[in-house]
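Peer 1: Structure incoming, see below.
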Amino acid sequence: MSILNQFSLEGKIALITGASYGIGFAIASAYANAGAVICFNDINQELVDKGLKAYKELGIDAHGYVCDVTNEEQVQRMIAAIEKEVGVIDILVNNAGIIKRIPMCEMTAEQFRQVIDVDLNAPFIVSKAVIPGMIKKGHGKIINICSMMSELGRETVSAYAAAKGGLKMLTKNIASEYGEFNIQCNGIGPGYIATPQTAPLRELRADGSKHPFDQFIIAKTPAARWGTTEDLEGPAVFLASDASNFVNGHVLYVDGGILAYIGKQPK
5 MSILNQFSLE GKIALITGAS YGIGFAIASA YANAGAVICF NDINQELVDK
55 GLKAYKELGI DAHGYVCDVT NEEQVQRMIA AIEKEVGVID ILVNNAGIIK
105 RIPMCEMTAE QFRQVIDVDL NAPFIVSKAV IPGMIKKGHG KIINICSMMS
155 ELGRETVSAY AAAKGGLKML TKNIASEYGE FNIQCNGIGP GYIATPQTAP
205 LRELRADGSK HPFDQFIIAK TPAARWGTTE DLEGPAVFLA SDASNFVNGH
255 VLYVDGGILA YIGKQPK
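The opening residue of the sequence shown carries number 5 in the numbering used here; numbering runs sequentially from there.
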């Protein structure tokens with residue numbers, strides 16, 4: 005068998021949460037190109053319709069569902085609908101997420117809980133709903149979208165870092181608990197990726213100069229650029245494919261080398 009066949013997702017059913025645009029959309033599109041059947045959700049019908057239109061423009065016949073992934077009842081209904089209309093899920097990507105850039109002492113407990121709810125509780129809820137079907141099927145792949153903030157801290161992102169650090173450990177625990185059922189759970193830790201979420205950090209200032217954070221990231225990243233959603237496609241296909249059948253409980257950081265780099269000495 006050709007080594008490339010190990011990366012095929014032909015006939016696999018994939019659910020990617022929050023995949024109307026951005027990182028989730030890029031991963032879902034890559035899965036479709038590798039042969040998978042695509043299911044995705046988003047928080048409202050407008051976003052789902054936007055996603056369906058974007059997939060159709062790429063020639064992808066995706067299945068879209070309105071679902072709040074923090075709501076356990078809604079998630080159970082969505083998974084039941086997918087299993088009835090499409091089939092039992094082979095691949096789950098817990099991609100849906102939010103970030104609130106607020107200094108910790110200015111952040112309310114409600115705001116902190118909201119980030120934890122979407123970025124940590126939701127992957128728990130969706131994984132819990134999908135795993136029984138994977139056990140019955142005899143295999144499964146779960147990919148959690150983690151972050152460099154699974155490892156690092158930075159000002160204004162205390163809730164996000166706490167959630168993504170927790171998601172890293174949830175990834176390891178799912179791998180530990182369900183590996184015996186031929187379920188692999190791994191994470192992808194994106195570096196600074198050019199998406200709508202990071203657009204405010206990349207926009208030119210009123211005087212035409214670059215945002216200081218944009219300059220900081222380019223200087224701190226050995227690749228000397230922001231990542232693109234396309235940079236995540238290959239790693240995501242690998243972790244969803246048979247090529248990663250003995251890879252479990254890891255987070256693959258796709259960050260241009262930023263976690264490995266202490267930075268240049270000032271001149």
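Even for Gly, the Cβ is constructed at its ideal location relative to N, Cα and C.
Short of 6 Å in beta carbon distance, which residues of its chain neighbour D291, apart from the five on each side in sequence? Order them along the chain.
Peer 2: With the chain represented from 5 up to 271, any question about residue 291 goes unanswered, as that position is not in the structure.
Peer 1: So, are the CB atoms of L243 and N190 less than 8 Å apart?
Peer 2: Cβ atoms of L243 and N190: closer than 8 Å.
Peer 1: On the DSSP letters alone, give me the boundaries of the beta strand (DSSP E) that P194 sits inside.
Peer 2: Per DSSP, P194 belongs to the beta strand (DSSP E) from I187 to P194.
Peer 1: Between which residues of its own chain and I17 is the CB-CB distance below 8 Å, once the five residues before and five after are set aside?
Peer 2: Closer than 8 Å at Cβ, skipping near neighbours: A40, V41, C43, I86, V90, G91, V92, I93, D94 and I95.
Peer 1: For N48, is the classification buried or exposed, using 16 other Cβ atoms within 10 angstroms of its Cβ as the cut-off for buried?
Peer 2: Counting Cβ neighbours within 10 Å, N48 comes out exposed, since fewer than 16 surround it.
Peer 1: Between which residues of its own chain and G26 is the CB-CB distance below 8 Å, once the five residues before and five after are set aside?
Peer 2: Cβ neighbours of G26 beyond the five flanking positions: T199, P200, Q201 and T233.
Peer 1: Give me the Cβ distance between A163 and V130, rounded to the nearest whole Å; I'm assuming they're in contact under 8 Å.
Peer 2: Not a contact, Cβ separation roughly 20 Å.
Peer 1: With distances taken from CA atoms, which of L8, S6 and I20 is nearest K145?
Peer 2: The shortest C-alpha separation from K145 is found at I20.
Peer 1: Over what stretch of residues does the beta strand (DSSP E) that includes A38 continue unbroken?
Peer 2: No beta strand (DSSP E) holds A38; DSSP gives it neither H nor E.
Peer 1: Threshold first: 4 residues or longer. Then list the alpha helix (DSSP H) segments lying entirely within the segment 91-153, N to C.
Peer 2: Complete alpha helix (DSSP H) runs here, min 4: 113-120 and 126-141.
Peer 1: Tell me the rounded alpha-carbon separation between G261 and M152.
Peer 2: In a straight line, the C-alpha of G261 is about 11 Å away from that of M152.
Peer 1: Quick one: grab the DSSP three-state call for G22.
Peer 2: Looking at G22 - three-state DSSP - the assignment turns out to be coil, as it is neither helix nor strand.
Peer 1: Can you check which of these residues, N177, L263 and C150, is closest to V97 by C-alpha distance?
Peer 2: Here the closest residue by C-alpha is C150.
Peer 1: If you compare alpha carbons, which of P194, Q219, K88 and S245 is closest to H143?
Peer 2: The candidate whose alpha carbon is nearest that of H143 is S245.
Peer 1: Residues bridged to C43 by DSSP?
Peer 2: DSSP output for C43 lists L19 and H67 as bridge partner(s).
Peer 1: By the three-class DSSP mapping on this structure, what secondary structure does L171 have?
Peer 2: In the structure shown, L171 sits in a helix (DSSP, three-state: H, G or I).
Peer 1: Going by DSSP, what residues sit across from P256 in a beta bridge?
Peer 2: Note on identity: in this sequence residue 256 is Leu, with Pro being the wrong assignment. Bridge partners of L256: I192.
Peer 1: How should N45 be labelled, buried or exposed, when 16 other C-beta atoms within 10 angstroms of its C-beta is the threshold for buried?
Peer 2: N45 should be labelled buried.
Peer 1: Grab me the residues of V134's own chain with a C-beta within less than 8 Å of its C-beta, minus the 5 sequence neighbours each way, in chain order.
Peer 2: Correct list, in chain order: L19, I83, I93, L96, G144 and I146.
Peer 1: Closest to E76 by CA distance: which of A38, K104, G28 and N125 is it?
Peer 2: The option with the nearest alpha carbon to E76 is N125.
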